[in-house]
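Every number in this note's numbering is 1 more than the matching position in the first sequence, counting from 1. Glycine is no exception: its CB is placed at the ideal position from the N, C-alpha and C atoms.
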Amino acid sequence: MKYSKEIDKKWQDKWKKDGLYKYNPNSEKEKFYTMEMLPYPSGAKLHLGHWFNFAPADSFARFKKMQGYNVFHPMGFDAFGLPAENYAIKTGIHPEDSTLKNIETMKRQLDEMGVSYDWNYSLETCMPDYYKWTQWLFVQLYKAGLAYKKEAPVNWCDSCKTVLANEQVINGECERCGTAVVKKKLSQWFFKITDYAEDLLKGLEKIDWPESTKKVQYNWIGKSEGAEIIFKTEDGKHNIKVFTTRPDTLNGVTYMVIAPESQLVQEITTPECKEKVEEYILQTSKLNEIERMSTEKEKTGTFTGAYAINPVNGDKVPIWIADYVLEDYGTGAVMAVPAHDERDYEFASKYKLPIKEVIKPKNETDEYTLPYCEYGILKNSNQYDGLTTKEAKNKIVEDLNKQGLGEKTINYRLKDWLVSRQRYWGAPIPIVYCDKCGTVVVPEEDLPVLLPYNVEFKPDGVSPLKKSEEFMHCKCPKCGGEATREADTLDTFVCSSWYELRYPCAKNDKEAFNKDIINKVAPIDVYVGGKEHAAMHLIYVRFITKALKDLGYLDFDEPFKKLIHQGMILGPDGNKMSKSKGNTVSPDEYVDKYGADVFRMYLMFGFDYCKGGPWDDKGIEAMTKYFSRIESATEKINNLKEGTTSKGMPEQELLRVKSNTIKSMTRDIEIFQFNTAIARSMELLNAINEYLANDEINTEIVKDTFETLIKVISPLAPHFAQEQWETLGHTDELYNYSWPEVNEQELKGGMKNIPIQVNGKLKACVSVSTALTPEEMLEEIKKDKKVQSILEGKEIKKEIYIPGKIYNVVI
RNA sequence: GCCGAUAUGGCGGAAUUGGUAGACGCACUGGAUUCAAAAUCCAGCGGGAAACCAUGUGGGUUCGAGUCCCACUAUCGGUACCA
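Here you go:
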């Protein structure tokens with residue numbers, strides 16, 4: 002039967018009935034745990050990007066299965082989050098209703114894709130049987146001192162009376178009503194990820210991740226070594242701590258800058274400067290971090306009227322505020338050395354602040370222009386004159402340390418993880434507040450703290466859960482008295498920071514966090530997902546894994562041994578697909594028209610998996626054509642005449658192509674290079690057809706070779722391959738077959754072209770037998786007439802022979 | 001701004017990681033088949049008459065560079081409350 006969607010259906014129904022994908026946790030085979038980043042069911046359906054992520058990854062899992070592993074390949078849904086809540090606010094449809102409906106649709110689509118998941122091992126992060134354990138995780142972190150509360154700013158729209166996500170702030174205005182968005186401080190929950198900064202850096206060395214992603218993480222964590230130095234205010238009332246990587250330039254400090262939102266500003270600003278400072282703070286609160294950090298933008302700031310004392314020389318320096326200093330990086334204050342720092346130089350020039358030079362180049366002849374940011378020799382620095390930057394860094398900090406005014410420290414750019422959300426659609430934070438006992442964590446046996454269904458979540462200035470009496474009122478777990486619950490919910494990144502540990506416990510298992518089960522199958526051998534998660538999700542999971550290891554729940558401290566990023570499929574116009582741009586492409590139409598296997602093969606063949614690219618369906622018919630060519634070959638193979646004998650060479654060549662195909666495809670699928678894997682399979686089909694054109698053929702060999710082709714494409718096009726398999730007279734499942742093996746002997750057959758270069762330019766090619774040793778090949782080359790005529794009468798200066806690869810002569 | 005990528009024929013993309021640039025396809029052209037078309041099959045297909053010139057631009061290292069180094073340009077992703 003010719004391939005179509007009906008064939009997908011035929012096999013999907015059979016495999017479902019047979020329980021083909023049932024996972025056996027007790028298998029004797031070596032485990033292999035692979036998974037993709039779980040989808041967020043915000044849209045009603047899977048989009049093309051999901052297909053591009055999941056279909057090839059499923060082929061990879063099938064390939065691993067054929068290689069003999071006990072493959073665990075689960076899938077779930079990241080179901081809490083902002084879009085569902087916003088959709089609900091807009092339409093009145095409850096987030097739970099829309100989310101569960103979307104999940105049903107997506108599961109159906111995934112089945113139509115032909116994925117090999119066992120749905121008994123799945124999860125939805127919005128269900129109590131899942132978020133009970135998200136809360137359990139919070140409790141463990143809280144008990145370990147890794148969860149704490151502090152004030153932090155949020156985006157606030159005063160007209161909508163609500164907190165806005167960064168995404169909802171457009172050019173500093175609320176996306177709904179256009180009101181200017183301001184920063185407002187709220188008391189919020191944090192996870193102490195900074196405690197793990199060093200471990201997170203070290204762990205990167207031992208995992209097989211793309212180098213670019215590791216780099217992103219190194220920079221995100223942003224380790225810098227330097228010193229913390231204390232400047233006292235002139236009146237002696239306040240200590241201002243600064244972090245600097247250049248304590249050697251301390252004598253060059255001519256002013257200080259503190260972050261406008263710092264509490265200290267309120268305390269030190271003089272009455273004369275108050276008005277300007279207040280105005281500046283308001284102005285700053287309207288900017289986001291990207292705008293503030295831009296070096297394109299002209300620096301702004303204002304004087305607080307207060308002064309600080311330079312601890313190294315007693316100089317009195319003015320204290321300014323400026324938006325280029327951020328409260329949550331370093332100490333929220335900087336010492337400004339305009340002579341030797343680019344930003345400080347620009348700022349000082351604009352506001353006519355003094356510039357004092359304290360570093361000169363090591364060699365007098367070196368170029369020296371301000372700001373001079375290189376290392377050098379100290380000058381104008383009293384007792385430190387003549388020291389090198391390196392020496393002075395140590396000496397100055399040492400001296401300050403004796404007075405209790407400075408010490409060496411390491412600063413990280415990484416901030417603690419803010420996990421509080423003033424929203425409805427998330428896991429409630431398992432904390433209660435009791436007048437008598439204060440902040441009390443909910444005991445594990447009382448979990449989950451259920452998210453109530455009937456809640457007014459339209460924005461009106463109060464966190465949605467606060468408005469639910471049934472939710473807020475509770476008994477204190479410690480004293481039994483009246484208490485109230487925490488009304489904030491958890492960031493959805495918390496839900497997705499441990500989900501890979503939830504899968505191994507089957508859905509109907511009450512006990513989700515079974516150490517033995519988890520440690521048997523985890524960590525994940527290959528994780529597949531977009532590189533947009535390089536910094537956040539992928540750091541959060543690593544952090545949680547390390548914390549749970551330290552708490553004794555895990556035997557490993559890195560969740561993902563190997564990481565693969567799929568590329569992004571853009572709209573046909575080359576832009577990111579989005580509903581607003583109207584450039585989205587629905588996968589369903591293609592699946593209906595061509596069948597799932599043609600579609601997934603086209604996705605794999607038409608794009609570099611790790612790169613993606615703009616969508617273009619021009620070549621999809623070609624894949625249908627490839628399938629037809631295989632189908633007609635199947636027919637030919639079934640009608641072969643028995644008893645004929647082979648002709649020799651073509652047969653040897655056929656076998657060489659066959660073994661080379663297996664070898665190449667094994668390597669290519671292993672590294673997610675599906676496009677070349679499919680290209681190799683096409684070459685094999687071409688070779689088979691060429692061989693079939695012979696007058697005399699070896700039926701046994703060609704049949705075996707063709708069956709090999711069907712086997713190697715079976716993980717890529719499972720339904721189609723199985724259909725051919727059946728047509729060839731087999732009744733068993735290709736899914737359970739072993740991946741074919743390479744015959745090294747077969748690989749060696751045939752001739753090979755050695756390129757001949759003169760001065761690096763290609764002049765000729767000599768064909769030699771691959772059976773020869775490299776030395777024998779060189780002899781053959783030198784005997785060749787073409788080579789001799791090229792070299793005739795030339796003076797050979799140098800010969801370069803790369804054994805068996807290339808021969809280059811310099812004349 | 002900062003951090004991380006990417007750039008190869010008309011198109012998608014290969015290139016065993018410094019060794020014949022353009023595998024495998026698409027599109028196109030010519031031929032066979034056909035009353036005709038579709039489908040299929042066969043052949044050709046970077047530019048140039050050739051010497052040669054060609055992997056975003058300009059330099060460099062090397063016997064040899066798509067691949068390594070330096071300086072640019074353009075595009076994409078992330079930038080901590082989209083996930």
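Query	Result
Close beta carbons around lysine 476, own chain, < 8 Å, minus the five adjacent residues each side	Gly482, Glu483, Ala484
Assumed close pair threonine 100, alanine 85 - CB separation to whole angstroms, cut-off 8 Å	5 Å
As assigned by DSSP and simplified to three states, the class of tyrosine 595	helix
Whole-number beta carbon distance between valine 398 and lysine 380, since they are thought to touch under 8 Å	About 19 Å; that fails the 8 Å criterion.
Whole-angstrom C-beta distance between threonine 390 and tyrosine 373, which should lie under 8 Å	About 11 Å; that fails the 8 Å criterion.
Cβ-Cβ separation, aspartate 489 to glutamate 423 (assumed contact under 8 Å), whole Å	Looking at the sequence shown, residue 423 is not glutamate but glutamine. Indeed, because the Cβ distance is near 6 Å, the residues count as touching under 8 Å.
Whole-angstrom distance between aspartate 558 and isoleucine 222, CA atom to CA atom	18 Å
Reference tryptophan 321, options Ala334, Val313, Asn314, closest by Cα	Ala334
Buried/exposed call for glycine 649, threshold 16 Cβ in 10 Å	Confidence in glycine 649 is poor, its pLDDT being 46 and thus under 50, which makes the residue's placement too unreliable to answer from.
Nearest candidate by alpha-carbon position, reference tyrosine 802, set Pro756, Ser770, Leu549	Pro756
The stretch 26–41 / the stretch 488–508 touching (three or more Cβ pairs under 8 Å)	yes
Euclidean distance between Cα positions of proline 524 and aspartate 119	19 Å
CA-to-CA distance, proline 42 to alanine 890, given in whole angstroms	No information on residue 890 is available, as it lies outside the stretch 2 to 812 that the chain covers here.
Per-residue DSSP class, three states only, for phenylalanine 304	strand
Supposed contact pair alanine 153 and glutamine 189 - C-beta distance, whole angstroms, cut 8 Å	5 Å
Beta-bridge partners of serine 188, as assigned by DSSP	Glu152
Sequence ranges, alpha helix (DSSP H) only - wholly within the stretch 557–610, length at least 4	588–595, 597–607
Whole-angstrom distance between lysine 150 and glycine 315, CA atom to CA atom	38 Å
Spatially closest choice to aspartate 9 from Glu800, Gln723, Pro248, Ile411, by CA coordinates	Gln723
Simplified DSSP state of glutamate 7, which is helix, strand or coil	helix
Residues near phenylalanine 55 in its chain [Cβ-Cβ closer than 6 Å; skip 5 each side]	Glu37
Best match in Glu7, Tyr219, Val72, Lys162 for proximity to valine 463 [C-alpha to C-alpha]	Lys162
Same chain, Cβ closer than 7 Å to lysine 357, neighbours up to 5 away in sequence not counted	Gly253, Thr255, Ala340, Asn381
Serine 225 beta carbon less than 8 Å from that of threonine 246	yes
Per DSSP, the bridge partner or partners of glutamate 174	Ile171, Ala181
Separation of tyrosine 197 from leucine 1, as counted between CA atoms	Nothing can be reported for residue 1: it is not among the residues displayed for the chain, which extend from 2 to 812.
Start and end residues, beta strand (DSSP E) containing proline 26	First-last for proline 26: undefined, no H or E at that position.
Helix, strand or coil at lysine 32 according to DSSP, with G and I counted as helix	strand
Strand pairing of glutamine 758, partner residues [DSSP]	Leu763, Asn809
Rounded straight-line distance, which links the Cα of arginine 668 to that of methionine 2	32 Å
Contained beta strand (DSSP E) runs [length at least 3] in the stretch 267–351, N- to C-terminal order	302–310, 317–323, 334–337
In DSSP terms, what tyrosine 1 is bridged to	No answer is possible for residue 1: it lies beyond the span of the chain, which begins at 2 and ends at 812.
8 Å CB neighbourhood of tyrosine 454 in its chain, flanking five on each side removed	His95, Glu97
Glutamate 684 versus proline 431 - alpha carbon distance	59 Å
Nearest residue (CA-CA) to serine 60, options His720, Asp492, Asn311, Gly751	His720
C-alpha gap between serine 647 and histidine 731, whole angstroms	At serine 647 the pLDDT is 47, less than 50, meaning the model places this residue with poor confidence and gives no usable figure here.
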